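So the sequence lines, in the order shown, correspond to chains Y and S. Counting from 1, position 105 in the first sequence corresponds to residue 111 in our numbering; the numbering is continuous, with no gaps. Counting from 1, position 109 in the second sequence corresponds to residue 142 in our numbering; the numbering is continuous, with no gaps. C-beta: ideal position from N, C-alpha, C; glycine also. Quantities reported herein were computed from a predicted structural model and do not represent experimental measurements. The structure under discussion appears below in the form of C-alpha cells.
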Amino acid sequence: MTVTERTRKLSRLGLLLALATAIHSLEALIPFSVGWFRFGFANIIGLATLYVFGFRDAFLLTAGRILLGGLISGQFGSPGFLLATAGGLSSIVTMECARRLSGECLSELGVSVIGALTHNLAQLLVAYVMLVKNDSILLLAPVMILSAIGAGVVNGIAAKFLITRMRSSKF
Amino acid sequence: MFKYFKLGDYLLIFSLGLLAAVLAILLPQRIISSGNTVLIESRNKLVGRYSLNQDRIVTVDGPLGETKVRIKGGSVAIISSPCPNQYCVNMGESRSSGSALVCVPNEIIVRVGGNESKELDAISR
Numbered sequence: 007m008t009v010t011e012r013t014r015k016l017s018r019l020g021l022l023l024a025l026a027t028a029i030h031s032l033e034a035l036i037p038f039s040v041g042w043f044r045f046g047f048a049n050i051i052g053l054a055t056l057y058v059f060g061f062r063d064a065f066l067l068t069a070g071r072i073l074l075g076g077l078i079s080g081q082f083g084s085p086g087f088l089l090a091t092a093g094g095l096s097s098i099v100t101m102e103c104a105r106r107l108s109g110e111c112l113s114e115l116g117v118s119v120i121g122a123l124t125h126n127l128a129q130l131l132v133a134y135v136m137l138v139k140n141d142s143i144l145l146l147a148p149v150m151i152l153s154a155i156g157a158g159v160v161n162g163i164a165a166k167f168l169i170t171r172m173r174s175s176k177f
Numbered sequence: 034m035f036k037y038f039k040l041g042d043y044l045l046i047f048s049l050g051l052l053a054a055v056l057a058i059l060l061p062q063r064i065i066s067s068g069n070t071v072l073i074e075s076r077n078k079l080v081g082r083y084s085l086n087q088d089r090i091v092t093v094d095g096p097l098g099e100t101k102v103r104i105k106g107g108s109v110a111i112i113s114s115p116c117p118n119q120y121c122v123n124m125g126e127s128r129s130s131g132s133a134l135v136c137v138p139n140e141i142i143v144r145v146g147g148n149e150s151k152e153l154d155a156i157s158r
C-alpha cells in the first residue's frame, strides 16, 4: 500500500466510525424499542466495513462505535451498554463466519440477517443471564427474531448500496 | 436491485420467519403454564407445592404446632397459627407472584410462585 492509499483508508475508516457512532447514538432515541434492547442499525456500517476492509477493521470499528456511542449517549457502563457490547461484537464475529462459510449461498442480505439475529439473540441471552434472570423474558424470543429479520433486511439493502458506492468511488 | 440477492437469502429469511412463528406458539405454553403455585416451607424445607387455583386448606407442622393455610379463589392466607403475635394471620391474603406470607416463630414461609414478574416494574434509561 502506498502512503496515499493508507491515508485514504484511514480517513475512510474514520468517517465510517463517525457515521456508525452517529447511527448508534441516534438509535437510542427510537421510542418503540423494548427497554434497553436495540435494533442494531449501526450494523450497516459494520457490515459494509467487513466487505470493503475485512474483519479486523470491522471488529475495531464496531468496538469503537460502541465505546464512543456509549460515551455520547451517557449509557457507558449501563445495562444498555452491556447489551450493545454483547450484541455488536458477537454479531460482527458471526457475520465474518457467515461471509466466509456461506460462500456463494448468501449475499450481503443474508449475512446481514444472520448478523441481526445474532445481535438480538446475544442481547436476549445477556439480559436473561445477567440482568433479568427470569424465564418469562424468553417470551421475547419470537419478537426478537422477527425484529432481526426486519432490521437485517433493512441493513442488508443499505449496506449493499454503501458497499457498491465505496468500491466504485475514488474517495 | 433484487438481482443482487441470492436464493439462500430468501430461504434464510423464510426459515427464520417460520422459526419465530413456531416459537411464538410453543413458548407461551411452556413458560406461562408453569404458573401460579403456592410453595410452603417449614423449617427451611419445602413441604408442599399446591396450585393457587384449587381451593383447599393445608395444615403445616412447625416447631410450635400446626399452622393452617387456606388457598381460596386464587389467593392464599394463613388462617390460624400457634404463634404468640399472629402477625402471619394479620398479613391477610396474598395473590401476586413473588409475594410471601411468613410466620417467624413457627418457621413457616408461604410463597406465591410461578410466572413471576411477567411485567417489569419499571424501565429507566
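Residues that residue i bridges to, as DSSP identifies them
{"i": "S/A110", "result": "S/R103 and S/E126"}
{"i": "S/D94", "result": "S/E99"}
{"i": "S/Y83", "result": "S/V71"}
{"i": "S/V143", "result": "S/I73 and S/L134"}
{"i": "S/K78", "result": "S/S75"}
{"i": "S/R89", "result": "S/I104"}
Any chain S beta carbon closer than 9 Å to residue i
{"i": "Y/P148", "result": "yes"}
{"i": "Y/V58", "result": "no"}
{"i": "Y/K166", "result": "yes"}
{"i": "Y/L145", "result": "yes"}
{"i": "Y/G162", "result": "yes"}
{"i": "Y/L16", "result": "no"}
Member of the options whose CA lies at the smallest distance from the CA of residue i
{"i": "Y/A104", "options": "Y/I151, Y/A69, Y/L53 and Y/G80", "result": "Y/L53"}
{"i": "Y/G60", "options": "Y/E102, Y/T13 and Y/L95", "result": "Y/E102"}
{"i": "Y/T91", "options": "Y/T55, Y/H125, Y/T100 and Y/T13", "result": "Y/H125"}
{"i": "S/G106", "options": "S/D88, S/A53 and S/S114", "result": "S/D88"}
{"i": "Y/R173", "options": "Y/M7, Y/K15 and Y/T10", "result": "Y/K15"}
{"i": "S/A110", "options": "S/G95, S/V91 and S/C116", "result": "S/V91"}
{"i": "Y/D141", "options": "S/V137, S/L60 and S/A54", "result": "S/L60"}
{"i": "Y/L22", "options": "Y/L35, Y/T55 and Y/H30", "result": "Y/T55"}
{"i": "S/N86", "options": "S/D42, S/E99, S/S129 and S/S113", "result": "S/S129"}
{"i": "S/G41", "options": "Y/L112, Y/V159, Y/A164 and Y/P148", "result": "Y/L112"}
{"i": "Y/M150", "options": "Y/A133, Y/L137, Y/A24 and Y/K139", "result": "Y/A133"}
{"i": "Y/G158", "options": "S/Q119, S/K36 and S/L45", "result": "S/L45"}
{"i": "Y/R71", "options": "Y/F47, Y/M7 and Y/R106", "result": "Y/F47"}
{"i": "Y/L35", "options": "Y/L145, Y/S108 and Y/G80", "result": "Y/G80"}
{"i": "S/R49", "options": "Y/G83, Y/R18, Y/S97 and Y/L123", "result": "Here the sequence assigns Leu to residue 49 of chain S, which means Arg is not the residue at that position. Ranking Y/G83, Y/R18, Y/S97 and Y/L123 by Cα distance to S/L49 puts Y/L123 first."}
{"i": "Y/P148", "options": "S/N139, S/L56, S/K36 and S/V102", "result": "S/L56"}
{"i": "Y/L74", "options": "Y/S108, Y/K139 and Y/L25", "result": "Y/L25"}
CB contact below 9 Å: residue i versus chain Y
{"i": "S/S66", "result": "The predicted model places S/S66 with a pLDDT of 44, which falls under 50 and marks its position as unreliable, so this point remains unresolved."}
{"i": "S/P61", "result": "yes"}
Contacts that residue i makes with chain S (C-beta to C-beta distance below 7 Å)
{"i": "Y/I50", "result": "Ordered by position in chain S, no residue passes the 7 Å Cβ test against Y/I50, which lies about 15 Å from the chain."}
Under 8 Å from the C-beta of residue i: neighbouring residues of chain S
{"i": "Y/V159", "result": "I46"}
{"i": "Y/I155", "result": "I46, L49, G50 and A53"}
{"i": "Y/L123", "result": "L49"}
Chain S residues whose Cβ lies nearer than 9 Å to that of residue i
{"i": "Y/V119", "result": "D42, L45, I46 and L49"}
{"i": "Y/L67", "result": "Near Y/L67 there are no residues of chain S at all, since even the closest Cβ is about 23 Å away, more than 9 Å."}
Listed by chain order, chain Y residues near residue i by CB distance under 7 Å
{"i": "S/M37", "result": "One point to set straight first is that residue 37 of chain S is Tyr, not Met, in the sequence displayed. Under the 7 Å cutoff, chain Y gives S113 and K166."}
Per-residue contacts from residue i into chain Y (C-beta, under 8 Å)
{"i": "S/L56", "result": "A147, P148 and I151"}
Exercise for review: Mind checking the region 94–115 of chain Y against chain S and listing, in chain order, the residues whose C-beta falls within less than 8 Å of any C-beta there?
Suggested key: The residues in question are S108, E110, C111, L112, S113, E114 and L115.
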